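Right, one structure below, let's go through it.
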Amino acid sequence: MPFSLFGLFGNDLAMDLGTANTLVFAKGRGIVVNEPSVVAIRRSDQEIVAYGAEAKEMVGRTPGEITTVRPLRDGVIADFELAERMIRYFVRKVQGSRFVRPRMAIAIPSGITEVEKRAVRDSAEHAGAREVYLVDEPMAAAIGVGLPVEEPAGSMIVDIGGGTTEIAVISLSGIVTDISIRIAGDEMNDSIIQYLKRKHNLLIGENTAEQIKVTIGSVPPHKGEGKLTIKGRDIVAGIPRTVEITGEEVQEALAEAVTAIIDSVKLCLERTPPELSADILDRGVILSGGGALLKGLDERLRQETGLPVFIADDPLTCVVRGTGKILEDLPRYEKVLTKVKRY
Ligand code: ADP
Ligand code: MG
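In terms of the numbering used here, the sequence shown opens at residue 722 and continues consecutively.
Now the structure itself:
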């Protein structure tokens, strides 16, 4: 049966299985799931008690009986079983009791191993998918922002997620040069936690660190503006205390992670064949993923590389939108799909 006929009957789904957020796009309906990739588990019987946003709210404030887990932490699948159950939950949530099994296209971090790819595919099949297509995250992001990936000209995409930053040069539907580092949003949050511990003797949790980053975080040459009063626990006295943190301090805390990302972009440029570098000089670098929203990062990259730098429209959704485009035109995008061997 031609693809279009399947499209009429099926309920095809595209998924961005991110280390921080999982998004699902349903053909004809748009984005139907946009939740943190987090599950909360009860220790005594290992039952999952919450998924997504509800589970994320519990991070750092769970009673001893409950623990929160991010199955894809650091861009690898840290826990296969939980990853599978999470995929299944999100698929069922949008599938309801539909009769037709969906086809699924899933964007995966490009650093994951063959074994992990099979695990993702198998999980999606267990969740009810009739066919599963995998695509590397930077490729999906590039298609999501509308880059002409099929042309013989180079495009560079820098996707800064939670666990990993993926830098890729794409040409002729393939990834030519690719660097994936485990320094991204989580590492920035962690740097803020360490900074407050060191400079203010204050312990804060992951969610508070993220809130600081998102509200007053920035990168020079952006002015480190604003301040925020935050609550935490005094390391010495052990009691709750508030501290005021300034935008400049956050810049100091983030400096190392930002430098690592910029250095990797430069390294990727050095490894790019000269003809494609020339293309990138013309077309510039596109930033995607939640980290693209860090104020001043685009300007800083512009200064350090001399290249035009653009932030993707709605950088948090461009991977799932790209995966959706692939799903809607599989014959056209066949070349960009990642093959996973069956045994
Ligand atoms: P993943 O693809 O790994 O799931 P996302 O692309 O969803 O990651 O991005 C999530 C990361 O982006 C988180 O670390 C989050 O803190 C960060 N982020 C979201 N919004 C902002 C913002 N405005 N400024 C800086 N970082 C942000
Ligand atoms: Mg992502």
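A virtual CB, placed ideally from N, CA and C, is assigned to each residue, including glycine.
These figures come from a predicted structure and were not determined experimentally.
Item: Restricting to Cα atoms, I'd like to know which of Thr834, Thr936, Arg822 is closest to Phe801.; Value: Thr834
Item: Taking the straight line between their C-alpha atoms, what separation do you get for Phe1031 and Thr783?; Value: 39 Å
Item: Determine contact between the stretch 959-979 and the stretch 906-925, defined as no fewer than three beta-carbon pairs at a distance below 8 Å.; Value: yes
Item: Can you tell me where the alpha helix (DSSP H) with Lys934 in it begins and where it stops?; Value: 927-937
Item: CB of Glu756 to nearest heavy atom of ligand 1: below 8 Å?; Value: no
Item: Spell out a yes or no on whether the stretch 966-976 and the stretch 884-903 are touching, meaning 3 or more CB-CB pairs, one atom from each, closer than 8 Å.; Value: no
Item: How big is the Cα-Cα spacing for Pro1052 and Leu1058?; Value: 11 Å
Item: Val812 and Pro830 - do their beta-carbons sit closer together than 9 Å?; Value: no
Item: Mapping the DSSP letters down to three states, classify Leu1037 as helix, strand or coil.; Value: coil
Item: Can we say the stretch 865-873 touches the stretch 1033-1052, given the rule of at least three CB pairs closer than 8 Å?; Value: yes
Item: Among all the DSSP beta bridges, which residues are the ones paired with Lys948?; Value: Thr967
Item: What are the start and end residues of the alpha helix (DSSP H) that includes Gly865?; Value: 858-865
Item: Going by DSSP, which residues form a beta bridge with Lys1016?; Value: Ser939
Item: Can you tell me whether Tyr1054 is buried or exposed, with buried defined as 16 or more other CB within 10 angstroms of its CB?; Value: buried
Item: Quick one: residues in its chain with C-beta nearer than 6 Å to the C-beta of Phe730, no 5 flanking neighbours on either side, listed in chain order?; Value: In this prediction, Phe730 has a pLDDT of 47, which is less than 50 and means its spatial position is unreliable; what the coordinates show is noted afterwards. Cβ within range, chain order: Val821.
Item: Run through the stretch 769-820 for me and flag every whole beta strand (DSSP E) of 3 or more residues, listed as ranges in chain order.; Value: 787-790
Item: Can you tell me the Cα-Cα spacing of Leu726 and Arg750, whole angstroms?; Value: With a pLDDT of only 45 at Leu726, under 50, the local geometry of the prediction cannot be trusted, and the value read off the model is given with reservation. Cα to Cα, the separation comes out at about 18 Å.
Item: How about Asp880: is its Cβ closer than 8 Å to a heavy atom in ligand 2?; Value: yes
Item: For a cutoff of 9 Å on Cβ pairs, would you count Ala863 as touching chain C?; Value: Judged by its chain identifiers, the structure shown contains no chain C, having just a single protein chain.
Item: Let me make sure I understand the geometry here. Which of Tyr854, Gln767, Val815, Ile881 has the alpha-carbon closest to that of Thr1038?; Value: Ile881
Item: For ligand 2, any of its heavy atoms closer than 8 Å to the Cβ of Val1030?; Value: no
Item: Could you give the distance in angstroms between the alpha-carbon of Ser1009 and the alpha-carbon of Val879?; Value: 6 Å
Item: Taking just the CA atoms, how far does Glu778 sit from Pro873?; Value: 45 Å
Item: Could you check whether Gly832 and Val790 sit closer than 9 Å to each other, using their CB atoms as the reference points?; Value: no
Item: Do Thr740 and ligand 2 come close, with the Cβ less than 8 Å from some heavy atom?; Value: yes
Item: Where does Leu729 sit, in a helix, a strand or coil, going by DSSP?; Value: With a pLDDT of 43 at Leu729, under the threshold of 50, the modelled position of that residue is not reliable, and the figure given next carries that caveat. Three-state result, Leu729: helix.
Item: Run through DSSP, which three-state label would Asn1096 get?; Value: Absent from the structure is residue 1096, since the part of the chain shown begins at 722 and ends at 1064.
Item: Is the beta carbon of Leu1014 within less than 8 Å of some heavy atom of ligand 1?; Value: yes
Item: Using 10 angstroms around the beta-carbon of Gln816, count the other beta-carbons present and answer buried if the total reaches 16, otherwise exposed.; Value: buried
Item: So what does DSSP say about Glu887, is it helix, strand or coil?; Value: strand
Item: Look up Pro961 in the DSSP assignment and give the residues it is bridged to.; Value: Arg954
Item: Does the beta-carbon distance from Ile951 to Lys934 come in below 9 Å?; Value: no
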